[in-house]
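Data block below; observations after.
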Amino acid sequence: MGESKEKIINRLISNNAEIITATELQERLKSESQLTHYIGFEISGYVHLGTGIMSALVMKDLTDLGVKCTVWLADWHSAINNKLDGTRETAATIGRGYFTEAMKASYVAVGGNPEDIEFRLASEWYNKDPESYWGTVIKVGQHTTLARMLRSIDITGKEAGEDVDYARTMYPAMQAADVFFQNIDIAHAGMDQRKIHVVVRDAASKIAPDKPKPIIIHHPLLQSLNGKNKEDKMSKSNPDSAIFVHDDPKDIEHKIKKAFAPEKEIDHNPILNWTKTMLFWNRSKPFVIERKEEHGGNLEFTSYAELEKTYATGNLHPMDLKNTVAHELIQLLAPVREHMAKPEIAAMKADLDAVLAAKK
RNA sequence: CCGGGGAUGGCAGAUCGGCUUAUGCAGCGGACUGUAAAUCCGCGAAGGUAGGUUCAACUCCUACUCCCCGGACCA
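Numbers 623 to 982, taken from our numbering, label the letters of the first sequence in order.
Pasting the structure below:
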């Protein structure tokens, strides 16, 4: 790897939606001891690009900076939010199975070595020291107001209009406690987890006053392929809004073809948004648009800004961009498809297929 | 536990003892765009469960299940 640490740090700062705070990250990376990272996931279904690729891009960069990265399989949380069949056992099984394999393969897709990532099952960790964990949950609760917790719930799985059972109100305190319990230096998630992570920062001075506050990294969320608003994000529950890491080439082509992509529009344009967020994350080779002579011939871009500018003028047609993006994604995800094709891995996905089918 | 209300397509939401169970959104197909969206045309799709009344029940009655609202009990 020829990249300098400085270059990687700068990339993390500019590509992520936010880092709280970038200065703290820079400073603490200079320390002797290895920093610990974690990103937590509910086990709720197939892994899409936002989960698989976006978090892998961040983890790859952090790993290259010497950070120890961990993926937290939040089985308790999944059960609280009634994901899959609503049981912790199923969340644990799928988490250890399909989900872990899909995440490892995604990490390979972005050029990483999956051996570098540790996968932890939440319930197993709690059982190592229940007294400490559940005590921390209560402690977080004591240092945060109810209103604050309630505000962070609607971003942890509650859908509009859905009834909220009481257990859900415990979710944010658990999520915050996860950070302290594992002694995490860098808590990472998508931008949708912002509210709870700010609670973590605020509670930190009370829970662990002698330690520096956890650093927060939020990667950008990918726009939904068919969303009516630019704020609509890729979602598992709307398969046409998302591409799953294991999708085969024809699924990818189909979904990209159906995607919303107005000409010259750069603001609400998922295809452009994905290009910027994923395909240009750490791009070293030029982005080549192949098109027929009648449409102007091939185009080459070495920066996203350049591509965006051309698109805005109308000199890059959505269809040509779509073709290229589909092609790039198919290539990017090749390692995932390859991994998922192994019989034992395919069987894990079949387990998840069955759980999801039973839910309908 | 008591009282009240409710259960209709994927979702929302009307109507009616027999006649196509509307309508909106979503979905699907087509037209139009060098993509998609928008627009237009077309299509598929429903009555919690078990009984009963009736020539006929989604519609009336009973029970059950589940949900919502209020109250009680407890503290």
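Glycine is no exception: its CB is placed at the ideal position from the N, C-alpha and C atoms. Only a predicted model underlies this, so the values are computations on that prediction, with no experimental measurement involved.
The residue among 672, 964, 889, 807 with its C-alpha nearest the C-alpha of residue 834 is 807.
Taking residue 831 as reference, the option from 750, 930, 761 with the minimal CA-CA separation is 761. Counting only runs of 3+ residues, the beta strand (DSSP E) found wholly inside the stretch 729 to 767 occupies 739 to 743, in chain order. DSSP, reduced to helix, strand and coil, places residue 916 within a helical segment of the structure shown.
Between residue 810 and residue 661 the beta-carbon gap is near 4 Å, inside 8 Å, which marks them as a contact. Boundaries of the beta strand (DSSP E) around residue 922: 921 to 923. Apart from the 5 residues on each side of it in sequence, residue 902 sits with its Cβ closer than 6 Å to the Cβ of 926 in its chain, given in chain order. Comparing alpha-carbon positions, the option among 869, 741, 973 lying closest to residue 658 turns out to be 741. The closest CA to that of residue 770, considering only 755, 753, 795, 757, is found on 795. Between the C-alpha atoms of residue 967 and residue 846 there is a straight-line separation of about 28 Å. Here the C-alpha atom of residue 679 lies approximately 18 Å from the C-alpha atom of residue 651. With contact defined as three or more Cβ pairs closer than 8 Å, the stretch 873 to 886 and the stretch 918 to 932 are not in contact. Taken in chain order, the unbroken stretches of alpha helix (DSSP H) that lie wholly in the stretch 833 to 888 and span 4 residues or more are 871 to 880.
Residue 940 holds the alpha-carbon nearest to the alpha-carbon of residue 893 among 910, 940, 687, 853. Burial is judged here by how many other beta carbons sit within 10 angstroms of a residue's own beta carbon; residue 841 has at least 16 and is buried.
In the DSSP assignment, residue 698 falls within the unbroken alpha helix (DSSP H) covering 697 to 702. Measuring C-alpha to C-alpha distances from residue 970 to each of 955, 820, 689, 717 identifies 717 as the nearest. Looking at the DSSP output, residue 690 sits in a beta bridge with 658.
Beta-bridge pairing by DSSP links residue 663 to 695. Minimum Cα-Cα distance from residue 663 among the listed residues 677, 654, 653 corresponds to 677. Look at residue 806 here: in three-state DSSP terms it is coil, with no helix or strand label.
Beta-bridge annotation (DSSP): residue 642 is paired with 838. Here residue 750 is exposed: its Cβ has fewer than 16 other Cβ atoms, across all protein chains shown, within 10 Å. Residue 686 places its beta carbon 8 Å or farther from that of residue 744.
Per DSSP, reduced to three states, the secondary structure at residue 812 is strand.
By the Cβ criterion, the stretch 663 to 672 is in contact with the stretch 850 to 867, since at least three pairs of Cβ atoms, one from each stretch, lie closer than 8 Å. Taking C-alpha positions only, residue 775 is separated from residue 891 by approximately 28 Å. Contact between the stretch 952 to 959 and the stretch 719 to 737 is present: 3 or more CB-CB pairs across the two stretches fall below 8 Å.
DSSP places residue 911 in the uninterrupted beta strand (DSSP E) bounded by 909 to 911. If you draw a straight line from the Cα of residue 886 to the Cα of residue 827, it is about 48 Å long.
Around the CB of residue 879, fewer than 16 other CB atoms lie within 10 Å, so the residue is classed as exposed. For residue 636, the uninterrupted alpha helix (DSSP H) run begins and ends at 627 to 637, by DSSP.
In terms of Cα proximity to residue 936, the closest of 951, 945, 917 is 917. In the three-state reduction of the DSSP assignment, residue 819 falls in the helix class, which pools H, G and I. Note on geometry: alpha-carbon atoms of residue 854 and residue 815 lie some 15 Å from one another. Looking at the backbone, the Cα of residue 701 and that of residue 942 are separated by about 43 Å.
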